[in-house]
Each structure stands twice: as structure tokens, then as C-alpha cells.
Amino acid sequence: MSEILTINNLYVTPKNDPNRFLVKNAAFSLSSGKTTCIVGESGSGKSLTALTIMGLLSKQLQSSGSVVFKGQDITQLDNKALQSIRGAKIGMIFQEPMTSLNPVLTVGYQIGEALTAHMGLKGSGLKLRVESLLQQVGIPMERANSYPDELSGGQRQRVMIAMSIACEPALLIADEPTTALDVTVQAQILQLLDELKTRMNMAMLFITHDFGVVADIADDVIVMFRGEIVETGTKKQVLEKPQHPYTKALLACVPDAEGKKQLKPIDYAWLKDGQNDKKAAA
């Protein structure tokens, strides 16, 4: 499996407060055909890392470091060059599809926009490709003429997946794509993403706060805390033999299926004990 994305010394700071690190010295690689999950609580820097890869940081933030995609540092590209990569070679699924989909355009039209912009498809060729994409994500072809508010939450997320894979990207970033869905639909979406990753041999970066999702879909795991990567490893290593106190604290919060272990707040006692070892586990 070849590495297609390598991040080194990534920092994200507010422009008006450059000494406050929202992401600090992040470094990792992604490989084709593998799913890497970034896990951590809200505010840990997961989504900011993804937005930096996409070149979508807000104007109030700035980044430094390198993001090398297929041998090219995309942090050095201008906006026009980034647009040619974004959506075509790197796809992204956002957490809430209703904030990403245009309510006054049909979902078929919105899927087709990326195909026209990046691949030049029009007419019957475009229509066939849109219908094919809908079928791939489990939506009937006739739904191409539906508007977002006419679809269920799970169907809207499937539309977002269809849009993100339309140009067959080498890397797919999924930012908490199942958070707002019920458990049954969540399982279906996770299975769909895993099947698409395998079929298309994509690298997938999956952002989540849910270790249940990590157990279902991850090959490798990155744990972030307060903007820093504190542990990395295979799914088996991180879930079964966590090294960092924060990872252990996160896992201790997860309830079990038998109901013997209840959901509870994260225990930060390790911080007070001075055990905050910021080195990622080997």
C-alpha cells in the first residue's frame, strides 16, 4: 500500500494569537486502501486538521508545515490549483449534509456539478454517471430529481457520499459523517464507506469521537488531545493496549454492550498527576 498523503510539522493558530496552538506539530501518513481514524473529544483539532488538508481553513486561522499529496505540497498551491484537487482528487464528507446541500437544487444536479466542473461531463453522459453514483450509494435513480428536504437524513448523507466519490478521488475525508444518524443507519453508512474504500482503493481519513466507529472501520488510529497527536497505532494496538493516559481515559468512558459499564465523563486525573506524556506510542 503506497502512501499518498504525508503531513509534517502541521500547526494551526489564530492569526491574531499566533502563540495559541489549535493544532500543534501534527505528523502522519495515509495509504491507499486503508482507513485511518482520528479520534478525540470536541476541540481536539480533528476537524481543523482535515480542513487544513482541504485548504478550507477560515480566514481567521493560519497554518504552517507541509501537506504532501502525491508528491506535491498542496499548502504551497494557489486557490485555483487547490480547486482542481479539491473534489476531484480529494473528496470530503461533512457532518451535517443539510448545511452542505443547496435546498433549492435537486440532488442529481448537485452531484452533476462536480462531474461537469472536474470531468467536463454533460448531457446523457452526465445523466448516466449521476444515476450510476446514486445506485452505488443505495439510492433509487429516480431520486435524482428530489430536493434535499424530500430525503431522509440517511439518504442525504448517501448523496453527500455520492458527491464526494463522483470523480473517484484518491483520498476521502469523512468528518463525523454518522453523528446525526440513528444506530441502524449509521451501521449502513459505515459499511457503504468501507465497501467504497476497498472497491476504489482510496485512502480514507475518518474523523470521529466514537470508539465504536473506530472499532468498526479503522485500520489505523490517531488520538488527538488539545491539538496534539498523543498516540498512533493500529486499531488493535490502540484499542487493546493503549499507551497514553488520555487514550486510556477515553476508552474507560465507553459503555459496554452488556450494560455492566455505563457511559461516564472523561477522567482528567492523569493531567493533575503530571503524567502527560505527549509522545505518540510507537
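Here the sequence shown stands for residues 176 to 457, numbered as in our numbering.
Here a beta-carbon is modelled for each residue, glycine too, at the ideal position from N, C-alpha and C.
Top-ranked residue by Cα proximity to residue i, from the options
i: Ser-119; options: Gly-208, Ser-241, Asn-183; result: There is simply no residue 119 to check, as the chain begins at 176 and stops at 457 in what is shown.
i: Gly-220; options: Ser-204, Asn-200, Leu-205; result: Asn-200
i: Thr-281; options: Asp-253, Ser-259, Met-335, Ala-319; result: Ala-319
i: Gly-283; options: Ile-382, Arg-261, Leu-308; result: Leu-308
i: Gly-246; options: Ile-179, Gln-310, Leu-252; result: Ile-179
i: Gly-262; options: Ala-341, Pro-193, Arg-331, Phe-196; result: Ala-341
i: Asn-376; options: Leu-197, Leu-205, Ser-299; result: Leu-205
i: Thr-181; options: Ala-225, Ala-390, Thr-422; result: Ala-225
i: Thr-383; options: Asp-350, Gln-361, Asp-369; result: Asp-350
i: Leu-356; options: Arg-331, Asp-369, Ser-339; result: Arg-331
i: Leu-231; options: Asp-253, Glu-415, Ala-444; result: Asp-253
i: Gly-446; options: Val-429, Pro-430, Phe-400; result: Reading the sequence as shown, one finds Leu at residue 446 and not Gly. Among Val-429, Pro-430, Phe-400, the Cα nearest to that of Leu-446 is on Phe-400.
i: Ile-392; options: Glu-288, Ser-327, Asp-369, Ala-378; result: Asp-369
i: Val-388; options: Thr-373, Gln-361, Ile-286, Asp-192; result: Gln-361
i: His-293; options: Pro-315, Gln-285, Ser-259, Glu-317; result: Ser-259
i: Glu-288; options: Ala-378, Ser-339, Gln-310; result: Ser-339
i: Ser-217; options: Gln-251, Thr-354, Glu-325; result: Thr-354
Integer Cβ distance of residue i from residue j, believed to fall under 8 Å
i: Asp-395; j: Thr-227; result: Asp-395 to Thr-227, Cβ: 19 Å. No contact.
i: Ile-213; j: Ile-397; result: 5 Å
i: Leu-197; j: Gly-329; result: With 8 Å as the limit, Leu-197 and Gly-329 do not qualify as a contact, their Cβ atoms being about 32 Å apart.
i: Leu-371; j: Ile-348; result: Between Ile-348 and Leu-371 the Cβ distance is about 13 Å, and since that is not below 8 Å, they are no contact.
i: Leu-414; j: Ala-390; result: 6 Å
Residues near residue i in its chain [Cβ-Cβ closer than 7 Å; skip 5 each side]
i: Lys-255; result: none
i: Gln-450; result: Residue confidence is low: Gln-450 scores 47 on pLDDT, short of 50, so the model does not pin down where it sits. No coordinate-derived value is stated.
i: Val-312; result: Arg-333, Ile-336, Ala-337, Leu-367
i: Asn-183; result: Ala-202, Gly-240, Ser-241
i: Ala-427; result: Asp-442
i: Gln-285; result: Leu-276, Asn-277, Met-338
i: Ser-327; result: none
Close-in-space but distant-in-sequence residues of the same chain around residue i (CB under 8 Å, 5 per side omitted)
i: Met-335; result: Ile-268, Phe-269, Pro-272, Ser-275, Leu-276, Pro-352
i: Leu-290; result: Leu-296, Leu-301, Arg-304, Val-305, Ala-341, Cys-342
i: Tyr-322; result: Pro-278, Val-279, Leu-280, Thr-281, Val-282
i: Phe-386; result: Val-214, Leu-414, Leu-425, Leu-426, Val-429
i: Pro-315; result: Leu-309
i: Pro-440; result: Cys-428
i: Thr-373; result: Gly-208
i: Arg-195; result: Thr-188, Pro-189
Cβ shell of residue i (< 6 Å), same chain only, five flanking positions each side left out
i: Ile-265; result: Pro-344, Leu-346
i: Ile-249; result: Val-242
i: Leu-223; result: Val-187, Leu-197, Val-198
i: Phe-244; result: Leu-180
i: Asp-452; result: Below a pLDDT of 50, predicted positions are generally treated as unreliable, and Asp-452, at 48, falls in that range; no measurement from the model is reported.
i: Leu-257; result: Gly-230
i: Pro-193; result: none
i: Lys-423; result: Pro-417
*What are the start and end residues of each continuous beta strand (DSSP E) run of 3 or more residues lying completely inside the region 360 to 442, in chain order?*
378 to 383, 395 to 400, 403 to 409
*How about the region 364 to 376 and the region 395 to 412: do they share at least three Cβ pairs that are nearer than 8 Å?*
no
_With a threshold of 8 Å, are at least 3 pairs of Cβ atoms found where one atom belongs to the region 179 to 192 and the other to the region 237 to 246?_
yes
*Taking only runs that begin and end inside the region 237 to 301, name each unbroken alpha helix (DSSP H) of 4 or more residues, in chain order.*
254 to 260, 282 to 294, all fully within the region 237 to 301.
*Please list the segments of the beta strand (DSSP E) lying wholly inside the region 304 to 328, counting only runs of 3 or more residues, in order along the chain.*
none
*alpha helix (DSSP H) runs contained entirely in the region 206 to 236, provided each spans 4 or more residues*: 221 to 229
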